[in-house]
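Q:
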Amino acid sequence: MLKVVGGGESLAARYVDLVKKVWVAGIAAEKGFEQVFAVDSGSDEIEVSGGGVLLVTRAMALEAGGREVRKLRLDALFPRDVRDYEDFKRLVREHVEHLVALEALEDGADLLLIDGSLYGRMIHVIRELKVEGREDFMLEYAEAYSELLSSALENGAVVVGVSKDSRSTVLKEELLLTQLVSLLSGYEPGVRERVMELWRLLRRRPSQALNGVRALVKEGLDPRALELFEDARSAVPDSKIIAAIGLGTGFTSPLVLTLERVSTGITDLLLRSRDEELEGELARAFEKAAEQPDFSARVKSLLRALRSYPPVHTTYAVFAAGDDPVRVDIVARELIQPAGSSRFANPTSRVVQAVLAHLALLYGGRRCYNALLLEVDKRVRTTLETLELYYKLAMREVGELILHSRGERRVLYP
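Residue numbers are given in numbering that gives the first Met the number 0: position 167 of the sequence shown equals residue 166, and the series is strictly consecutive.
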């Protein structure tokens with residue numbers, strides 16, 4: 000327990016000098032955008048007799064002046080694989096958020112706030128879901144998300160992901176990498192390359208990477224290299240480290256993240272293989288979708304979607320001394336230039352500063368990290384009353400009596 004809920008002093012001692020190098024003090028609250036929409040979603044299910052489920056998913060884009068853009072989706076299915084069904088529910092919520100955000104762009108949004116990480120949505124594993132009738136959903140997801148980001152860039156709008164309790168470790172890994180590069184500067188090029196190959200392997204095959212470093216330490220490599228690998232492998236998130244250090248109001252220098260940085264598996268194949276090699280590989284990954292006549296066209300569409308993902312500028316912001324850091328992902332036309340040798344964007348872009356200033360304007364304390372996102376979350380959340388309304392509407396639409404499952408009947412009608 001102490002390792003998880005405490006441990007602040009040891010973390011601060013370990014990382015304070017590294018974080019200070021990328022820390023920018025102070026955030027002044029200031030209005031930088033006119034048409035600001037916050038986007039969130041919610042979902043719930045109605046279990047029906049026979050093992051079926053009616054999955055109701057809805058999303059809303061709420062403008063600061065109170066204007067609403069809404070989107071509703073209904074999926075009727077028989078879940079089999081529980082894990083894939085849970086993944087599907089989460090992905091559908093994000094997908095409907097992308098669709099409603101596209102409508103908000105058409106309504107003139109110049110700043111879109113989305114609850115969660117923009118970069119995390121880029122690196123979802125492209126795979127076939129074990130959900131009957133929705134096996135190829137990841138293709139649809141990637142196409143819509145790419146369209147959202149591309150449309151925002153074309154319209155000059157800024158898309159921002161805001162995460163309150165981020166478990167990401169991207170900042171920690173980048174800071175440790177700078178230490179590792181410095182440590183290796185006195186070694187022969189061959190040794191440096193071997194160590195860096197193991198670093199790239201760490202995320203995919205951690206045991207193999209750590210064993211490789213241990214072997215190199217026995218051959219004379221500085222043992223501190225192994226410590227850096229072990230720290231990078233640790234699950235301690237960036238937000239915990241920043242909170243432990245306590246540098247006051249401010250933000251970290253934005254870290255430029257691209258899809259190539261941590262791509263794995265099929266995504267890695269998509270980015271690095273020739274187009275003519277890919278259809279067969281994807282046909283094996285999407286057995287059901289490959290049976291459709293338009294599969295070849297969808298493969299090309301998926302490739303365009305993945306390869307068009309813009310860079311994401313990621314920073315951690317503290318809007319009041321002593322408060323928890325908020326992760327902020329930013330996509331904007333002004334930020335699509337490639338980074339230099341460092342992945343840290345220095346100096347900080349005017350767009351990033353304007354976004355953080357506007358977020359500071361929406362900050363309302365520890366319990367209100369973003370007033371607009373909290374309000375849209377409240378409005379879009381489903382209740383028993385709304386589910387019962389959807390249930391009755393579904394019966395009216397199909398003209399059939401839809402019986403609740405036995406378990407749900409006991410809860411609703413005891």
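Even for Gly, the Cβ is constructed at its ideal location relative to N, Cα and C.
Thr251 lies in the beta strand (DSSP E); which residues open and close that run?
A: Taking the first residue of the sequence shown as position 1, residue 251 is located at position 252. Its beta strand (DSSP E) spans residues Gly249 to Thr251.
Q: Can you tell me whether DSSP reads Ile244 as helix, strand or coil?
A: Position 245 of the sequence shown holds residue 244. Three-state result, Ile244: helix.
Q: My output table needs one value for Tyr140: the three-state DSSP class, helix, strand or coil.
A: As a working mapping, residue 140 is identified with position 141 in the sequence shown. In the structure shown, Tyr140 sits in a helix (DSSP, three-state: H, G or I).
Q: Considering only the alpha carbon of each residue, which of His97, Gln336 and Pro236 lies closest to Asp39?
A: Here residue 39 is taken as the residue at index 40 of the sequence shown, counted from 1. Nearest of His97, Gln336 and Pro236 to Asp39, Cα basis: His97.
Q: Would DSSP call Val410 helix, strand or coil?
A: In the sequence shown, residue 410 corresponds to position 411, counting from 1. In this prediction, Val410 has a pLDDT of 49, which is less than 50 and means its spatial position is unreliable; what the coordinates show is noted afterwards. Here Val410 sits in helix by DSSP.
Q: Applying the criterion that 16 or more other CB atoms from any shown protein chain within 10 Å of the CB defines a buried residue, is Glu44 buried or exposed?
A: The residue given as residue 44 occupies position 45 in the sequence shown. Glu44 comes out buried.
Q: Ends of the beta strand (DSSP E) at Glu44?
A: Within the sequence shown, residue 44 is the residue found at index 45, counting from 1. That run of the beta strand (DSSP E) goes Val35 to Val47.
Q: Compare the C-alpha of Val212 against each of Phe228, Glu33 and Tyr389 and name the closest.
A: Position 213 of the sequence shown, counted from the start, is the residue given in the question as residue 212. When only C-alpha atoms are compared, the closest one is Phe228.
Q: Between the alpha carbons of Ala28 and Tyr315, how many angstroms are there, rounded?
A: The residue given as residue 28 occupies position 29 in the sequence shown. The residue given as residue 315 occupies position 316 in the sequence shown. The straight-line gap from Cα to Cα measures roughly 16 Å.
Q: Answer yes or no: do Leu256 and Val311 have a C-beta to C-beta separation smaller than 8 Å?
A: Locating residue 256 in the sequence shown gives position 257, counting from the first residue. Locating residue 311 in the sequence shown gives position 312, counting from the first residue. In this structure, Val311 lies closer than 8 Å to Leu256 by Cβ.
Q: If we call anything under 8 Å between Cβ atoms a contact, is Leu76 one with Leu90?
A: Stepping through the sequence shown from its first residue, residue 76 is reached at position 77. Stepping through the sequence shown from its first residue, residue 90 is reached at position 91. Result no, Cβ atoms of Leu76 and Leu90 do not sit closer than 8 Å.
Q: What do you reckon, is the C-beta of Leu175 under 7 Å from a heavy atom of the ligand GTP?
A: Because no ligand of any kind appears in the structure shown, any question about the ligand GTP cannot be addressed here.
Q: My understanding is that Leu358 touches Val327, with C-beta atoms under 8 Å, so please give their C-beta distance in whole angstroms.
A: The residue given as residue 358 occupies position 359 in the sequence shown. The residue given as residue 327 occupies position 328 in the sequence shown. Yes, Leu358 and Val327 are in contact; Cβ-Cβ is about 7 Å, under 8 Å.
Q: Taking the Cβ atom as the reference point for each residue, do Thr313 and Tyr118 lie within a distance shorter than 8 Å?
A: Along the sequence shown, one-based indexing puts residue 313 at 314. Along the sequence shown, one-based indexing puts residue 118 at 119. Cβ atoms of Thr313 and Tyr118: closer than 8 Å.
Q: Would you decide whether Leu71 is buried or exposed? Buried here means 16 or more other CB atoms lie within 10 Å of its CB.
A: Counting from one through the sequence shown, the residue named residue 71 turns up at place 72. By the neighbour-count rule (16 or more Cβ atoms within 10 Å), Leu71 is not buried but exposed.
Q: Grab me the residues of Asp376's own chain with a C-beta within less than 6 Å of its C-beta, minus the 5 sequence neighbours each way, in chain order.
A: The residue labelled residue 376 in the question sits at position 377 within the sequence shown. The residues are Asp39.
Q: Can you find the residues in the same chain that come closer than 7 Å, C-beta to C-beta, to Arg120, ignoring five residues on each side of it along the sequence?
A: Mapped onto the sequence shown, residue 120 falls at position 121. Cβ within range, chain order: Glu93 and Tyr144.
Q: What residue range does the beta strand (DSSP E) around Glu62 cover?
A: On the sequence shown, residue 62 is found 63 positions in, with the first residue counted as 1. Start and end: Gly51 to Glu62.
Q: Alpha carbon to alpha carbon, what distance is there between Ala304 and Asp16?
A: For this step, residue 16 is matched to residue 17 along the sequence shown. For this step, residue 304 is matched to residue 305 along the sequence shown. Their backbone Cα atoms lie some 39 Å apart in a straight line.
Q: I'd like the span of the alpha helix (DSSP H) that includes Arg213, first residue to last.
A: To locate residue 213, count along the sequence shown from 1; it is residue 214. Taken as a continuous stretch (DSSP letters only), the alpha helix (DSSP H) holding Arg213 covers Pro205 to Lys217.
Q: Could you have a look at Val235 and say whether DSSP puts it in helix, strand or coil?
A: Locating residue 235 in the sequence shown gives position 236, where the first residue counts as 1. Reduced to three states, the DSSP call for Val235 is coil.
Q: Could you say which of Val397, Arg306 and Thr347 lies nearest to Leu148 if we only look at CA atoms?
A: On the sequence shown, residue 148 is found 149 positions in, with the first residue counted as 1. Closest option to Leu148, Cα to Cα, is Arg306.
Q: Would you call the segment 30-38 in contact with the segment 102-117, where contact means no fewer than 3 C-beta pairs closer than 8 Å?
A: Segments in contact, yes.
Q: Rounding to the nearest angstrom, what Cα-Cα distance links Leu220 and Ser233 in this structure?
A: Against the sequence shown, residue 220 aligns to sequence position 221. Against the sequence shown, residue 233 aligns to sequence position 234. Going by the C-alpha atoms only, they are around 21 Å apart.
Q: Look at Leu258 and Ile122 and say whether their C-beta atoms are less than 8 Å apart.
A: As a working note, residue 258 is residue 259 in the sequence shown. As a working note, residue 122 is residue 123 in the sequence shown. Yes. Within cutoff.
Q: Sort Leu201, Arg66 and Ile26 by Cα distance to Ala103 and report the nearest one.
A: Along the sequence shown, read from residue 1 onward, the residue named residue 103 stands at position 104. Per the Cα distances, Arg66.
Q: Taking 6 Å as the limit between beta carbons, can you name the residues of its chain near Leu138, skipping five residues before and five after?
A: Sequence index remark: in the sequence shown, residue 138 carries index 139 (1-based). So the list reads Arg297 and Leu301, once near-sequence residues are dropped.
Q: I'd like to know if the segment 169-182 and the segment 128-137 are in contact, where contact means that at least 3 CB-CB pairs between them fall below 8 Å.
A: The segment 169-182 vs the segment 128-137: no contact.
Q: Please name the residue in Arg332, Thr382, Ser162 and Val235 whose C-alpha comes closest to that of Asn154.
A: Here residue 154 refers to the residue found at position 155 of the sequence shown. Out of Arg332, Thr382, Ser162 and Val235, Arg332 has the C-alpha closest to the C-alpha of Asn154.
Q: For the pair the segment 233-242 and the segment 158-171, tell me if three or more CB-CB distances fall below 8 Å.
A: With the cut-off at 8 Å, the segment 233-242 and the segment 158-171 touch.
Q: For Arg326, name the three-state secondary structure that DSSP assigns.
A: Counting from one through the sequence shown, the residue named residue 326 turns up at place 327. DSSP places Arg326 in strand when its eight states are reduced to three.
Q: Look up Arg366 in the DSSP assignment and say whether it is helix, strand or coil.
A: Within the sequence shown, the letter at position 367 stands for residue 366. Arg366 falls in the coil class under three-state DSSP.
Q: Identify which residue in Leu1, Gly25 and Val354 has its Cα closest to the Cα of Ala319.
A: Within the sequence shown, residue 319 is the residue found at index 320, counting from 1. Checking every option, the nearest Cα to that of Ala319 belongs to Gly25.
Q: Buried or exposed for Val81, please, with buried defined as at least 16 other CB atoms from any protein chain shown within 10 angstroms of its CB.
A: Against the sequence shown, residue 81 aligns to sequence position 82. Under this definition Val81 is an exposed residue.
Q: Could you name the residues of the same chain whose beta carbon sits closer than 7 Å to that of Asp322, not counting the 5 residues immediately before and after it, in chain order?
A: Position 323 of the sequence shown, counting from 1, holds the residue named residue 322. The answer, listed in chain order, is Arg365.
Q: Tell me the rounded alpha-carbon separation between Glu414 and Ser295.
A: Limits of the chain in this structure are 0 at one end and 413 at the other, which puts residue 414 out of reach.
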